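Let me begin by presenting the structure, written as structure tokens, before commenting on it.
Here's what the structure looks like:
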């Protein structure tokens, strides 16, 4: 029996998932992402981790963080970052002519009344 060839691409029909404009909600566990990070780097690292998470989930290099989300991440200071944050990721078309990317991701904060339920 001959094993299947590696690297052979199959023909896919329809458009790719990357080109779709879509919005999803996620809860990001920041606690595990900033564990062991020095005090003065915790809030900046949290913002970087949110960017990285959005880039992985939506597949776009251009990630824009809303100011309200940034203020929430910094609300308890540089040292005491919230353990979890609920975010809405929106993949949108880029109208800017100069940008090399067709799509960008907008990350906005979703307020949660109760932390567990």
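In this note's numbering, the protein residues as written are 7 to 123.
Built from N, CA and C at the ideal position, the CB exists for glycine as well.
Values in this document were obtained by computation on a predicted structure and should not be read as measured data.
Check	Outcome
According to the neighbour-count rule (16 or more other Cβ atoms, all chains shown, within 10 Å of its Cβ), is residue 41 buried or exposed?	exposed
State the DSSP-derived secondary structure class of residue 76, mapped to helix, strand or coil.	helix
Throw me the rounded Cβ distance for the residue 97 and residue 64 pair, which I believe falls under 8 Å.	5 Å
Suppose contacts are defined by Cβ-Cβ distances below 9 Å. Is residue 52 in contact with residue 39 by that definition?	yes
By the DSSP assignment, the beta strand (DSSP E) with residue 31 in it spans what residues?	28 to 35
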